[in-house]
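Below is one structure, written out as structure tokens; comments come after it.
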Amino acid sequence: MRRRLIPFYRKAFTLTRTTSFFQSRHELLSCCERDFSCLSSSSNRKLSYRERLRSGIADIKKDDAVELFQSMIRSRPLPTIIDFGRLFSAVAKTKQYDLVLSLCKQMELQGIVHNIYSLSIVINCFCRCRKLGLSFSVLGKMLKLGYEPNTITFSTLVNGLCLEGRVSEAVGIVDRMVETKVRPNLITLNTLVNGLCVQEYVSWETLPWPWICSGRWKIEKSSLM
Numbered sequence: 001m002r003r004r005l006i007p008f009y010r011k012a013f014t015l016t017r018t019t020s021f022f023q024s025r026h027e028l029l030s031c032c033e034r035d036f037s038c039l040s041s042s043s044n045r046k047l048s049y050r051e052r053l054r055s056g057i058a059d060i061k062k063d064d065a066v067e068l069f070q071s072m073i074r075s076r077p078l079p080t081i082i083d084f085g086r087l088f089s090a091v092a093k094t095k096q097y098d099l100v101l102s103l104c105k106q107m108e109l110q111g112i113v114h115n116i117y118s119l120s121i122v123i124n125c126f127c128r129c130r131k132l133g134l135s136f137s138v139l140g141k142m143l144k145l146g147y148e149p150n151t152i153t154f155s156t157l158v159n160g161l162c163l164e165g166r167v168s169e170a171v172g173i174v175d176r177m178v179e180t181k182v183r184p185n186l187i188t189l190n191t192l193v194n195g196l197c198v199q200e201y202v203s204w205e206t207l208p209w210p211w212i213c214s215g216r217w218k219i220e221k222s223s224l225m
């Protein structure tokens, strides 16, 4: 049986064509993957801000937060303060406090008025940035708008004062809460007790137990130890 000999140049041509085929196939797959990635990014950008807020924005990055905010202020009608509050809350949870304050300022320029929830977020951001003076300015703005500070608002201020070592003022805030019938919760009280301990007010006798254990809370000393 004769073996058919294939000239060398034909072998080279076949090998080159096969290699070229696989290279083209690889390029085709890469191109498809690239196009699919672009299509996916494009489809995400085409989602409305409501859909993006509903889909979850936990651990949102700075660029994504800014892009989402820009899409919100371009929308007509403009989103409600509740929608903006969801974005600000998510960004604040990632500790990007300066970004929250910047976005809030831009939102105000659009004529959107804060509610008590968004103002509490702003107060928290100022406290975290160690700008207590501005935190109390926002509290004054809240009162002018007719909002009554709630437990979250006061607790945020208590935490900010304790972070600055101004524990006696924090105690005064809690006294104000009791006077205005805003009930401190365990977070408020634990924050205050921790601040007192940090400032070396470690004697239980120095703690303001009358209001800690008063009212329907009936908080035991042991629960704070």
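Reading the sequence shown from the start, the letters are residues 1 to 225 in the numbering used here.
Heads up, the beta-carbon is just placed ideally off N, CA and C, and yes, glycines get one too.
Quick one: using the 10 Å Cβ neighbour count with 16 as the cut-off for buried, is residue i buried or exposed?
| i | result |
| --- | --- |
| G242 | The chain is shown only over 1 to 225; residue 242 falls outside these bounds and no answer can be derived. |
| C197 | exposed |
| S48 | exposed |
| T188 | buried |
| V113 | exposed |
| A226 | Summary: the structure shown does not reach residue 226, with the chain confined to residues 1 through 225, and so no result is reported for it. |
| S37 | With a pLDDT of only 42 at S37, under the threshold of 50, the placement of this residue in the model should not be trusted, and no figure is reported. |
Would you tell me roughly how many angstroms separate the C-alpha atoms of residue i and residue j, rounded to the nearest one?
| i | j | result |
| --- | --- | --- |
| D35 | I121 | In this prediction, D35 scores a pLDDT of 46, lower than 50, which makes its location untrustworthy; no coordinate-derived value is stated. |
| F69 | L101 | 13 Å |
| N97 | F136 | Looking at the sequence provided, one finds Tyr at residue 97 rather than Asn. Y97 and F136: Cα-Cα distance of roughly 17 Å. |
| E51 | I82 | 14 Å |
| K105 | L139 | 16 Å |
| S168 | M72 | 42 Å |
| N194 | G165 | 11 Å |
| T180 | T94 | 33 Å |
| M142 | L109 | 18 Å |
| V66 | L103 | 8 Å |
| G56 | G146 | 32 Å |
| G111 | E148 | 22 Å |
| P77 | K131 | 34 Å |
Please work out which residues of its chain come closer than 6 Å, Cβ to Cβ, to residue i, disregarding the five sequence neighbours upstream and downstream, and give them in chain order.
| i | result |
| --- | --- |
| D64 | none |
| F84 | M107 |
| P79 | M72 |
| C129 | Y97 |
| E33 | Unreliable positioning characterises E33 in this predicted model, as indicated by a pLDDT of 48, which lies under 50. A coordinate reading is not provided. |
For residue i, which residues in the same chain have their Cβ closer than 8 Å to its Cβ, ignoring the five residues on either side in sequence?
| i | result |
| --- | --- |
| T19 | Confidence at T19 is low in this model, with a pLDDT of 44, below 50, so the placement of that residue should be treated as unreliable; the coordinate-derived value is given next. Closer than 8 Å at the Cβ level, and outside the excluded window around T19, lies no residue. |
| F154 | I173, V174, R176, M177, V182, P184, T188 |
| I152 | S120 |
For residue i versus residue j, is the C-beta distance shorter than 8 Å?
| i | j | result |
| --- | --- | --- |
| A170 | C125 | no |
| C127 | N150 | no |
| K144 | L99 | no |
| L87 | L53 | yes |
| T156 | I123 | yes |
| C162 | L186 | no |
Who are the Cβ neighbours of residue i in its own chain at under 7 Å, not counting the five residues just before and after it?
| i | result |
| --- | --- |
| I60 | A90, V91, T94 |
| A58 | A90 |
Hey, which unbroken runs of the alpha helix (DSSP H) at 4 residues or more fall wholly within the segment 116-185?
The DSSP assignment places complete alpha helix (DSSP H) segments of no fewer than 4 residues inside the segment 116-185 at 116-128, 132-144, 151-163, 167-179, in order along the chain.
Alpha helix (DSSP H) runs wholly inside the segment 55-90, at least 4 long, in chain order
The segment 55-90 contains, as complete alpha helix (DSSP H) runs of 4+ residues, the segments 62-74 (chain order).
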